[in-house]
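This report refers to the structure that appears directly beneath it.
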Amino acid sequence: MHARYYDTQLHRFISADPNPVSTDNALNFNRYAYASNSPYRFYDPSGRDDEDTNPPDNTDDSSGCASEAPELCPGSGIISTEMHGIQQNIGTGVAVVDKVATTATDLAIAAIPIAGEVKEAEVGIEIFSDVRAATTATDGAAAATDAVQEAARLHHSWPKYLGGEAEQDLVSLSKSMHDAYHSGLDKILPRQWGTPYYESLGQEAKQQVLSDLAAYTKAFDAKNGTQLYNAMLKNGFPNP
Amino acid sequence: MMENLKPIASLTAADLLINPVWQYSNRDETDETLVRALDEIPVKSMTGKVVGTQVRFANGNHAWALIGNIDAANPQLTDHFLTISIELDGKWFALARYHDFDYSDRGPEALSRFLGLQIDDVFPISFDVRRYAQGAPAALAGNVLKEPREKLSRPDIIALAVP
Numbered sequence: 021m022h023a024r025y026y027d028t029q030l031h032r033f034i035s036a037d038p039n040p041v042s043t044d045n046a047l048n049f050n051r052y053a054y055a056s057n058s059p060y061r062f063y064d065p066s067g068r069d070d071e072d073t074n075p076p077d078n079t080d081d082s083s084g085c086a087s088e089a090p091e092l093c094p095g096s097g098i099i100s101t102e103m104h105g106i107q108q109n110i111g112t113g114v115a116v117v118d119k120v121a122t123t124a125t126d127l128a129i130a131a132i133p134i135a136g137e138v139k140e141a142e143v144g145i146e147i148f149s150d151v152r153a154a155t156t157a158t159d160g161a162a163a164a165t166d167a168v169q170e171a172a173r174l175h176h177s178w179p180k181y182l183g184g185e186a187e188q189d190l191v192s193l194s195k196s197m198h199d200a201y202h203s204g205l206d207k208i209l210p211r212q213w214g215t216p217y218y219e220s221l222g223q224e225a226k227q228q229v230l231s232d233l234a235a236y237t238k239a240f241d242a243k244n245g246t247q248l249y250n251a252m253l254k255n256g257f258p259n260p
Numbered sequence: 247m248m249e250n251l252k253p254i255a256s257l258t259a260a261d262l263l264i265n266p267v268w269q270y271s272n273r274d275e276t277d278e279t280l281v282r283a284l285d286e287i288p289v290k291s292m293t294g295k296v297v298g299t300q301v302r303f304a305n306g307n308h309a310w311a312l313i314g315n316i317d318a319a320n321p322q323l324t325d326h327f328l329t330i331s332i333e334l335d336g337k338w339f340a341l342a343r344y345h346d347f348d349y350s351d352r353g354p355e356a357l358s359r360f361l362g363l364q365i366d367d368v369f370p371i372s373f374d375v376r377r378y379a380q381g382a383p384a385a386l387a388g389n390v391l392k393e394p395r396e397k398l399s400r401p402d403i404i405a406l407a408v409p
């Protein structure tokens with residue numbers, strides 16, 4: 021096991037898939053994606069290959085799952101799939117790490133491709149510029165680890181203090197981009213006034229807040245090349 | 247290392263007396279409004295920070311205030327975007343700026359009522375955070391006026407805010 025390392029914040033492996041590219045699956049060209057970008061359907065206990073959490077024959081109850089609560093059984097839905105994946109990860113000892121990689125070689129190899137992938141997503145152009153500077157394995161390990169830790173921020177595209185849900189698809193932004201977004205937003209919708217203030221607003225005022233948030237975010241996207249407004253929409257932000 | 251993080255809405259004058267400068271943690275996973283105290287002052291930049299200090303009203307009285315959106319390099323940005331909350335008996339009043347949608351509810355008249363003073367006893371409110379931050383003196387010390395020197399349209403304000 022321990023075929024690869026996984027970054028729980030980036031939701032990506034940070035070293036390349038050791039298996040050769042399979043040309044019959046387009047998703048396989050991404051050498052850093054976890055479980056074909058479909059973690060509800062697949063899990064990857066070894067870091068080498070996806071395994072279906074819901075195989076054709078899922079009637080075997082060898083897990084001891086209670087039939088009264090099928091939604092909690094492995095292979096029966098989103099909740100069970102997540103549980104199944106966690107159990108499998110623990111059981112097989114996959115190296116799931118949180119922003120920590122243990123070998124310099126992995127970091128030096130992994131950092132640059134990840135940078136390319138995130139940059140393509142146009143959500144954090146500056147994210148891994150520091151990582152690219154880590155060119156030697158020995159010096160690079162600590163520097164790359166620091167840079168990754170410092171660089172990535174998971175952003176609630178619809179800020180919670182302005183009504184966004186706690187559970188959102190988070191956007192990975194560089195620290196500088198994330199700081200810039202919030203710094204600018206503070207000028208229009210200050211965090212200084214506190215969550216209770218925004219929660220206490222009437223319906224009309226809340227609409228105005230959302231309108232200002234949309235206008236600011238669109239302007240930020242236009243100036244900085246991000247796609248945060250689209251991310252807001254995907255997270256339930258009402259499309260005017 | 248455990249950080250001393252607090253929601254900004256929970257800060258008290260006592261907190262500000264101990265730690266004048268607070269920085270947003272910018273960790274969305276928890277709470278976007280969490281701030282942590284900074285030990286080393288003066289800070290090089292006020293971006294993403296708020297400062298607690300005593301301000302002086304026009305009548306010479308002092309009060310604790312929490313001030314944000316000071317741009318230490320650009321007094322124009324400070325003029326348009328400065329946020330100030332005034333403390334009285336443990337309660338905070340967040341003053342709306344001219345471009346805020348609830349200016350009529352939280353503007354200078356409302357602050358004066360909150361303080362039990364006439365508006366001309368309150369404004370201008372003088373602030374000076376030069377001991378807490380490095381930067382242009384004109385941006386770090388000044389007055390919050392009853393009426394702004396310049397008003398921008400909503401689109402212009404948003405454009406000015408975007409970094």
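First to last, the protein sequences are chains A and B.
The opening residue of the first sequence carries number 21 in our numbering; numbering runs sequentially from there.
The opening residue of the second sequence carries number 247 in our numbering; numbering runs sequentially from there.
For each residue, glycine too, the CB sits at the ideal point set by N, CA and C.
Problem set entry | Chain-ordered chain B contacts of proline 216 (chain A) [CB-CB under 8 Å] | Residues of chain B passing the Cβ test: Ala255.
Exercise. When the Cα of lysine 290 (chain B) is compared with those of B:Arg376, B:Thr258, B:Thr324, B:Ala405, which residue comes out closest?
Worked result: Closest option to lysine 290 (chain B), Cα to Cα, is B:Arg376.
For this session: Might you give, ordered along the chain, the residues of its own chain that have their beta carbon closer than 8 Å to the beta carbon of glutamine 300 (chain B), omitting 5 neighbours on each side?
Result: Only His308, Ala309, Trp310, Ala311 meet the Cβ criterion.
Problem set entry | Short CB-CB distance (under 9 Å) between glycine 245 (chain A) and chain B | No, its Cβ sits nowhere closer than 9 Å to a Cβ of chain B.
Problem set entry | Positions along the segment 309-320 of chain B whose CB lies within less than 8 Å of some CB in chain A | Those residues of the segment 309-320 of chain B that come within reach of chain A (Cβ to Cβ, closer than 8 Å) are Leu312, Gly314, Asn315.
Exercise. Can you list, in chain order, the residues of its chain whose CB lies under 6 Å from that of threonine 123 (chain A), leaving out five sequence neighbours each side?
Worked result: Low per-residue confidence applies at threonine 123 (chain A): pLDDT is 35, beneath 50, and the placement is therefore not dependable enough to give any value.
Exercise. Touch check for the segment 210-219 of chain A and the segment 177-192 of chain A: three-plus C-beta pairs under 8 Å?
Worked result: Contact between the segment 210-219 of chain A and the segment 177-192 of chain A is present, because at least three Cβ pairs lie under 8 Å.
For this session: Using a Cβ-Cβ cut-off of less than 8 Å, give me the residues of the segment 268-279 of chain B that come near chain A, in sequence order.
Result: Cβ contacts with chain A: Tyr270, Asn272, Arg273, Asp274, Glu275, Asp277, Glu278, Thr279.
Exercise. Apart from the five residues on each side of it in sequence, which residues of its chain come closer than 7 Å, Cβ to Cβ, to lysine 254 (chain A)?
Worked result: In the same chain as lysine 254 (chain A), and ignoring 5 residues on each side of it, the C-beta atoms closer than 7 Å to its own belong to Asp189, in chain order.
Problem set entry | Boundaries (first-last residue) of the alpha helix (DSSP H) holding glutamate 286 (chain B) | No alpha helix (DSSP H) contains glutamate 286 (chain B), which DSSP labels as neither H nor E.
Problem set entry | Interface residues of chain B facing lysine 207 (chain A) [CB-CB closer than 7 Å] | Per Cβ cutoff of 7 Å: Asn315, Phe327, Ala407.
For this session: Can you give me the start and stop residues for the beta strand (DSSP E) that serine 331 (chain B) sits inside?
Result: That run of the beta strand (DSSP E) goes 329-334.
Exercise. Exposed or buried, what is glutamate 275 (chain B) when buried is set at 16 or more other beta-carbons lying within 10 Å of its beta-carbon?
Worked result: Flag for glutamate 275 (chain B) reads exposed.
Exercise. When DSSP labels each residue in this structure, what does isoleucine 316 (chain B) get in the three-state scheme?
Worked result: Correct three-state label for isoleucine 316 (chain B): coil.
Exercise. Quick one: Cα of leucine 230 (chain A) to Cα of aspartate 367 (chain B), how far?
Worked result: Going from the Cα of leucine 230 (chain A) to the Cα of aspartate 367 (chain B) covers about 35 Å.
For this session: On the DSSP bridge assignment, give the partners of phenylalanine 373 (chain B) in chain order.
Result: Phenylalanine 373 (chain B) pairs with B:Gly388.
Exercise. Does the beta-carbon of aspartate 346 (chain B) have 16 or more other beta-carbons within 10 angstroms, so that it is buried, or is it exposed?
Worked result: Around the C-beta of aspartate 346 (chain B), 16 or more other C-beta atoms lie within 10 Å, and the residue is accordingly described as buried.
Exercise. Listing by chain order, which chain C residues have their CB less than 7 Å from the CB of tryptophan 213 (chain A)?
Worked result: The structure shown contains no chain C; its protein chains are A and B.
For this session: Can you say whether aspartate 285 (chain B) is buried or exposed, counting buried as having 16 or more other CB atoms within 10 angstroms of its CB?
Result: When all chains shown are included, aspartate 285 (chain B) counts as exposed.
Exercise. Do we get a CB-CB distance below 9 Å when we pair phenylalanine 411 (chain B) with the residues of chain A?
Worked result: Outside the shown range of chain B, which is 247 to 409, sits residue 411 (chain B), and nothing can be said about it.
Exercise. Shortest alpha-carbon distance to glycine 388 (chain B) belongs to which of B:Trp338, B:Lys337, B:Pro409, B:Ile313?
Worked result: Just measuring C-alpha positions, the residue of B:Trp338, B:Lys337, B:Pro409, B:Ile313 sitting nearest glycine 388 (chain B) is B:Ile313.
For this session: Can you tell me which of A:Arg211, A:Asn259, A:Ala225, A:Thr246 puts its alpha carbon nearest to the alpha carbon of serine 350 (chain B)?
Result: When A:Arg211, A:Asn259, A:Ala225, A:Thr246 are compared, the shortest CA-CA separation from serine 350 (chain B) is found for A:Ala225.
Problem set entry | Cβ shell of methionine 252 (chain A) (< 7 Å), same chain only, five flanking positions each side left out | So the list reads Ser177, Trp178, Thr237, once near-sequence residues are dropped.
For this session: Report all residues from its chain with a CB closer than 7 Å to the CB of aspartate 232 (chain A); omit the five preceding and five following residues, and keep chain order.
Result: Within the same chain, Ile208, Leu209 come within 7 Å of aspartate 232 (chain A) by CB-CB distance, once the 5 residues on both sides are set aside.
Exercise. Interface residues of chain A around glycine 298 (chain B) at Cβ under 9 Å?
Worked result: The premise fails here: glycine 298 (chain B) is roughly 11 Å from chain A at the closest Cβ pair, so nothing lies under 9 Å.
For this session: Alpha carbon to alpha carbon, how far is asparagine 315 (chain B) from proline 288 (chain B)? Give it in angstroms, no decimals.
Result: Roughly 16 Å separates the two Cα atoms.
Problem set entry | Element boundaries [alpha helix (DSSP H), containing glycine 204 (chain A)] | DSSP places glycine 204 (chain A) inside the alpha helix (DSSP H), whose first and last residues are 195-208.
Exercise. Along chain B, which residues have their Cβ under 8 Å away from the Cβ of glutamine 228 (chain A)?
Worked result: The contacting residues are Phe347.
Exercise. DSSP state of glutamine 247 (chain A), grouped into three classes?
Worked result: If DSSP states are grouped into helix, strand and coil, glutamine 247 (chain A) belongs with coil.
For this session: Can you say whether asparagine 259 (chain A) is buried or exposed, counting buried as having 16 or more other CB atoms within 10 angstroms of its CB?
Result: Exposure of asparagine 259 (chain A) is indicated by the presence of fewer than 16 other C-beta atoms within 10 angstroms of its C-beta.
For this session: List the residues of chain B whose Cβ lies closer than 9 Å to the Cβ of glycine 261 (chain A), in chain order.
Result: Lying outside 21 to 260, the shown extent of chain A, residue 261 (chain A) is not represented and no answer is given.
Exercise. For the candidate residues B:Asp317, B:Gly294, B:Arg302, B:Lys295, whose alpha-carbon lies nearest to that of proline 383 (chain B)?
Worked result: Here the closest residue by C-alpha is B:Asp317.
Exercise. Of the choices B:Leu398, B:Leu334, B:Phe373, B:Met292, whose alpha-carbon is the least far from that of leucine 391 (chain B)?
Worked result: It is B:Phe373 whose Cα lies nearest to the Cα of leucine 391 (chain B).
For this session: Taking only beta-carbon positions, decide if tyrosine 236 (chain A) is within less than 9 Å of chain B.
Result: Yes, tyrosine 236 (chain A) counts as interfacial toward chain B.
Exercise. Which of the three DSSP states, helix, strand or coil, is assigned to leucine 257 (chain B)?
Worked result: Assigned with DSSP and collapsed to three states, leucine 257 (chain B) falls in coil, not helix or strand.
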